[in-house]
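*Asks:* Following the numbering used here, the numbering of the sequence shown begins with 952 at its first residue and continues without gaps. Quick one: structure below, then a few questions.
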Amino acid sequence: MFRRSALEMRVIILAPIGRDAALLASTLAASEIDSAIATDANELLTILAEGAGGAILADEALPKCAIQALAAWVSDLPPWSDPPFIVLTSSGIPTRQTHQRAQELQALGNLTLIERPVRPDTIRLAARSALRARMRQYEVRSRQEALIQANADLEQFAHSASHDFREPLRSIGVLTDLLALEYADSVDERAGELLRLIRGGVDRMEALLNDLLSYAHASSITEEELPPVPALRSVKVAVENLDAAIRESQANITIGELPEIRVRESHLAQVFQNLLGNAIKYRRDDQAPAIEVQAKRVNSYWYFTIADNGIGIPAAYQGAIFGIFKRLHGHGKYSGTGMGLAICKRIVERYQGNIWVESEPGHGSRFSFSIPA
């Protein structure tokens, strides 16, 4: 487990009658559990805000207004944080009043009720269990922070790589073109082929840098609330960007009725452009691409499908193709960096969806992805 500070792992005690608080603190100390005592609900909130692993609260110290204030404080905590509360209640036969009181206390969220009189072992075990659960929450926070930092580092690296590598690549491309132009009459066939290979390598490297930057941007998508936008608009943007490839291949793209969804238009357009571009690229030699874009709603998700009549994908590779830099074909016939589907996967998953493919070699492919409605 991750090591936490003393403040983060202490138990706050609110039991203002008699020596209850002191006895509880002594019981916890016997198990080497740090504690702090609050004299009223206001001080409880102040101490909790400084850091705590949980709290033990006497029922009689929590009037309805205190429960509401405490519940409001809990609701303002980040998603990972759900501090445990142990409330010590009176014993006796359940009544309508005790049931109503339990419902009021539920507003605290992560709640355990223990009837009095309570044995010291029960308090110690309940506190240890609460602290263990709280430790798991701290681990989640730490891992989230590490992931956020890793994504930030990836994006920064992509920006740096895109900037630092692009300039020397541009110089290589320009010098290669100048060599081919100025020595066109004296360059033999072998030298010309080498120059074309250099030019092709430069173009592929520039495409790779662009895709790396797109992948990094997809990794940093935030979970902000977005207004619904028509998916058809993003499809049209993708089609316009692929206009040259569509004309060259004589592709026929049929677009069904598409919904409005809460996704940033530029991200959705990139997904459609990559999927439509692949459908055009991996076409059969004996017929023009025929591509259908459809959507249907199932429960709380919209499912989009891009179906084609292309060369298809062997079953053994249908999972691997969504990995970064994964290519099933060499550069000879099919260009690309092997990052297009990885970018699609990253974008879709950032919007709490999934992406997959159904295909059979020689019989086309059906790429589908889901987005919450």
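Virtual Cβ for every residue (Gly too), placed ideally from N, Cα, C. The structure presented is a predicted model; accordingly, all values stated were derived computationally and were not measured.
When the Cα atoms are used, what is the spatial distance from H1218 to S1200?
*Replies:* Roughly 25 Å separates the two Cα atoms.
*Asks:* Would you list the one or two residues that DSSP bridges to Y1254?
*Replies:* BP columns for Y1254 point to K1247, S1321.
*Asks:* Secondary structure at T978, three-state DSSP: helix, strand or coil?
*Replies:* Helix, per DSSP.
*Asks:* In its own chain, which residues sit with a C-beta less than 6 Å from the C-beta of M952, not counting the 5 before and 5 after it?
*Replies:* Bear in mind that the predicted position of M952 carries a pLDDT of just 45, short of 50, making it too unreliable to give a figure here.
*Asks:* In terms of residues, what are the limits of the alpha helix (DSSP H) holding N1102?
*Replies:* N1102 -> alpha helix (DSSP H) spans 1071 to 1133.
*Asks:* Excluding five sequence neighbours on each side, which residues of the same chain lie with their C-beta closer than 7 Å to the C-beta of A1189?
*Replies:* Only A1220, F1223, Q1224, L1227 meet the Cβ criterion.
*Asks:* Helix, strand or coil: which one does DSSP assign to E1191?
*Replies:* It is helical.
*Asks:* Please report the straight-line C-alpha distance between Q1303 and D971, rounded to a whole angstrom.
*Replies:* Taking the straight line joining both Cα atoms gives about 48 Å.
*Asks:* Specify whether the region 1152 to 1164 and the region 1192 to 1199 touch according to this definition: at least 3 beta carbon pairs, one from each stretch, less than 8 Å apart.
*Replies:* Too few Cβ pairs lie closer than 8 Å, so no.
*Asks:* Which partner residues of T1063 appear in the DSSP bridge assignment?
*Replies:* In DSSP, T1063 forms a bridge with I1037.
*Asks:* Of the residues L1039, N1260, T1046, D1033, which one's Cα is nearest the Cα of N1061?
*Replies:* Checked all of L1039, N1260, T1046, D1033; the closest Cα to N1061 is D1033.
*Asks:* To the nearest angstrom, report how far apart I1272 and I1204 are at their CA atoms.
*Replies:* Roughly 23 Å between the two C-alpha positions.
*Asks:* Suppose the cutoff is 6 Å on Cβ atoms and the five residues either side in sequence are ignored; what does the same chain contact list for E1309 look like?
*Replies:* Cβ neighbours of E1309 beyond the five flanking positions: R1317.
*Asks:* Spatial neighbours of E1211 within its chain, please: CB distance less than 8 Å, with the 5 preceding and 5 following residues excluded, ordered by chain position.
*Replies:* Within the same chain, E1211 has close Cβ partners P1179, V1180, P1181, A1182.
*Asks:* Looking only at its chain, what residues have a beta carbon closer than 8 Å to the beta carbon of R1248, apart from the 5 residues adjacent to it on each side?
*Replies:* The residues are P1210, Y1254, A1324.
*Asks:* Taking all protein chains shown into account, do 16 or more other C-beta atoms lie within 10 angstroms of the C-beta of A966, making it buried, or fewer, making it exposed?
*Replies:* Buried: at least 16 other Cβ atoms inside 10 Å.
*Asks:* Look at the Cβ atom of E1055, then the Cβ atom of I998, and state whether they are nearer than 8 Å.
*Replies:* Against a cut-off of 8 Å, the Cβ pair of I998 and E1055 comes out as no contact.
*Asks:* How close, in whole Å, do the beta carbons of G1315 and A1258 come, if the pair is a contact with beta carbons under 8 Å?
*Replies:* Indeed, because the Cβ distance is near 7 Å, the residues count as touching under 8 Å.
*Asks:* DSSP state of G1005, grouped into three classes?
*Replies:* Strand at G1005.
*Asks:* Determine the closest residue to E1175 out of P1045, R1301, A1020, with distance taken between C-alpha atoms.
*Replies:* Closest option to E1175, Cα to Cα, is R1301.
*Asks:* Just how far apart, CA to CA, sit T1073 and R1094?
*Replies:* Taking the straight line from one Cα to the other gives about 32 Å.
*Asks:* Can G1263 and E1191 be called in contact, C-beta distance under 8 Å?
*Replies:* No. Outside cutoff.
*Asks:* Closest to P933 by C-alpha separation, out of A1112, G1313, R961, P1240, would be which residue?
*Replies:* Beyond the ends of the chain as shown, which are 952 and 1324, falls residue 933; an answer cannot be given.
*Asks:* Does the distance from the CB of F1036 to the CB of A1006 come in under 8 Å?
*Replies:* Closer than 8 Å, so yes.
*Asks:* Per DSSP, what kind of secondary structure is S1200 in: helix, strand or coil?
*Replies:* The answer is helix: DSSP assigns S1200 an H, G or I state.
*Asks:* Would you report the Cα separation of L1132 and G1124, rounded to the nearest angstrom?
*Replies:* About 12 Å.
*Asks:* Run through DSSP, which three-state label would S956 get?
*Replies:* The answer is coil: DSSP assigns S956 none of H, G, I, E or B.
*Asks:* Alpha helix (DSSP H) containing W1024: first to last residue?
*Replies:* Element bounds for W1024: 1015 to 1026.
*Asks:* Let's test the definition: count the other Cβ atoms within 10 Å of the Cβ of P1240 and tell me whether it reaches 16, buried, or not, exposed.
*Replies:* Result: buried.
*Asks:* Give me whichever residues DSSP pairs with W1307 in a beta bridge.
*Replies:* DSSP, once it has assigned bridges, lists S1319 as partnering W1307.
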